[in-house]
Every structure is written in C-alpha cells, then in structure tokens.
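Asker: Residue numbers (my numbering): 39 to 227. Submitted below is the structure of interest, expressed as structure tokens.
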Amino acid sequence: MCPARHSFLRPWPGYQRSVETWDALRARRNVRVFSSRPLSADHVDQILEAGRRAPSSRNWQPWDFIVITGPGRLAELSRVSPGAGYVAGAAAAIALIAPTPDGERARDRTHYDLGQATMSIMVAATGLGIGSGHAGVADQLRARKVLGFPEDRFCPYLIALGYPADRPLAPIVRPDRHPFEDIVHREVW
Ligand SMILES: Cc1cc2nc3c(=O)[nH]c(=O)nc-3n(C[C@H](O)[C@H](O)[C@H](O)COP(=O)(O)O)c2cc1C
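Below is the structure:
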C-alpha cells in the first residue's frame, strides 16, 4: 500500500478526523437505499483498511475483500439471496471472502472473525457519513461466477456501501434493541 496515495495513513498535525467513535457507533444502521453520489477511492480504501485491521483468532485473518463498484456486477450480486436485492442500488459493495471451513470449529471462528471485520468496516464507513448494509449470500455458485474467487473459498456476506438516500446518518436516540437492564448482567446471571 502506497502511503502517499492514502491520506488516512498520514497522521500529520491537522489530520482530518472523522466523527468520534461513540457517534459512529450510535449512528450506524443498516442502510438499504442509496443516493447516486459516488464514493471517493480514498474513503473506500479507508473502509477496507478498517477491515484489514480487525482482530481475529490467532491473527489468522481469514479474509479477502473484493470491492465492486460496477453497476452490472452489483446488479448480478443482488441476486445471490432474497435479502441482497438492495445491493443493486449501492455505490459499492465489499464481498467478504474466506477459506471454506473444514469443520464446526473453523466455521465458528470464521464467522466470528468476519463479524469483527464487518463491524470495523461499518463503523469506519459511518464515521465518514457513508451508509452500509449486510447481505447474506445464499447462492455461492452465482457469487463465484460473478466474483471469480477460488474453489476453496466462499463468500458468506456482502457489505453494501453508499450515501443514504433516506436520511443522513446521525446518532440514533432510541435504537430498536432489547432494554439495557434486561440484557446486562453484573457478576453473575
Ligand atoms: C449476519 C447478518 C446477516 C444479515 N443479512 C442481511 C440480509 O441478507 N439482508 C438485509 O437486508 N439485512 C441483513 N442484515 C441486517 C440486519 O437485519 C440488521 O442489522 C438488524 O435488523 C438490525 O438493524 P440495524 O443494523 O439497522 O441496527 C444482516 C445482519 C447480520 C448481522
């Protein structure tokens, strides 16, 4: 990676900070309608870098990321599962590619670690005002045909990216979540 090309790697004084982490965490939501505004290449790279830096079990980093911006390919990808239709309208998508797990333990580690990479990607995107949305991939054959990843890999998820068309990202005051007191246990259950 060439530092000169990636402004997010330059921590010089006056380095432009994005919104604070706490704001980004509260503002992230699944965005499924995107404006036609394109994403800058630097922003996309910063989002990918967030994924690359994610922690993983024994640092095995079970991921490759394929970035898709072509409308034709995004439209094709939107057909990989019933829940992926909205990917067709995204400015970009990141396909998470991982080694096909050879057992239950490997599968658990893979999904846990891809989840961590996903959340890093989504929080980084939110910090830049860019919306993101998950889409599970059911049809691996179609995904492989569109993306050309090797036989020993699979693509469990797509992350759609783009500026939200419904409303800008802003901290959500009352998130649709179980009440704090119901799910937080102190010392013991
Ligand atoms: C593992 C996983 C798979 C998901 N798959 C899809 C999907 O295929 N299509 C979709 O529209 N949303 C998908 N979602 C988004 C969830 O529905 C969403 O995160 C959840 O309803 C909470 O909403 P929020 O992200 O806006 O807070 C997925 C989320 C996760 C964590």
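Ideal placement from N, C-alpha and C gives every residue a C-beta, glycine not left out.
Helix or strand or just coil, what does DSSP make of Asp-214?
Answerer: Residue mapping note: residue 214 aligns to position 176 of the sequence shown, counting from 1. In the structure shown, Asp-214 sits in coil (DSSP, three-state: anything other than H, G, I, E or B).
Asker: Between Gly-174 and ligand 1, is the CB less than 7 angstroms from at least one heavy atom?
Answerer: Along the sequence shown, one-based indexing puts residue 174 at 136. Under cutoff, so the answer is yes.
Asker: Which whole-angstrom value is the C-beta distance of Ala-77 and Gly-165, which I expect to be below 8 angstroms?
Answerer: If you number the sequence shown from 1, residue 77 lands on position 39. If you number the sequence shown from 1, residue 165 lands on position 127. Here residue 77 is Leu; the residue named in the question, Ala, does not match the sequence. Contact doesn't hold; Cβ gap of about 14 angstroms is too wide.
Asker: Taking the CB atoms as reference points, tell me whether Ala-136 and Phe-192 lie closer together than 8 angstroms.
Answerer: Here residue 136 corresponds to residue number 98 of the sequence shown, with the count starting at 1. Here residue 192 corresponds to residue number 154 of the sequence shown, with the count starting at 1. The answer is yes: Cβ separation under 8 angstroms.
Asker: Measure from the alpha carbon of Phe-103 to the alpha carbon of each residue in Tyr-195, Asp-220 and Glu-219, then state which is nearest.
Answerer: As a working note, residue 103 is residue 65 in the sequence shown. Cα-wise, what sits closest to Phe-103 is Tyr-195.
Asker: Between which two residues does the alpha helix (DSSP H) containing Gly-121 stretch?
Answerer: As a position in the sequence shown, residue 121 is number 83, starting the count at 1. Gly-121 -> no alpha helix (DSSP H), and no H or E assigned at all.
Asker: Which first and last residues belong to the beta strand (DSSP E) in which Ser-170 is found?
Answerer: As a first step, residue 170 is located in the sequence shown; it is residue number 132 there, counting from the start. Its beta strand (DSSP E) spans residues 169 to 174.
Asker: Here's the rule I'm using: 16 or more other beta-carbon atoms within 10 Å means buried, otherwise exposed. How should His-262 be labelled?
Answerer: The shown model of the chain, from 39 to 227, leaves out residue 262, and the question about it has no answer.
Asker: Starting from the C-beta of Ser-158, find all residues in its chain whose C-beta is less than 7 angstroms away, skip the five residues before and the five after it, and write them out in chain order.
Answerer: Residue mapping note: residue 158 aligns to position 120 of the sequence shown, counting from 1. Counting only Cβ-Cβ distances below 7 angstroms, and skipping sequence neighbours, we find Ala-88, Gly-89, Arg-91 and Ala-92.
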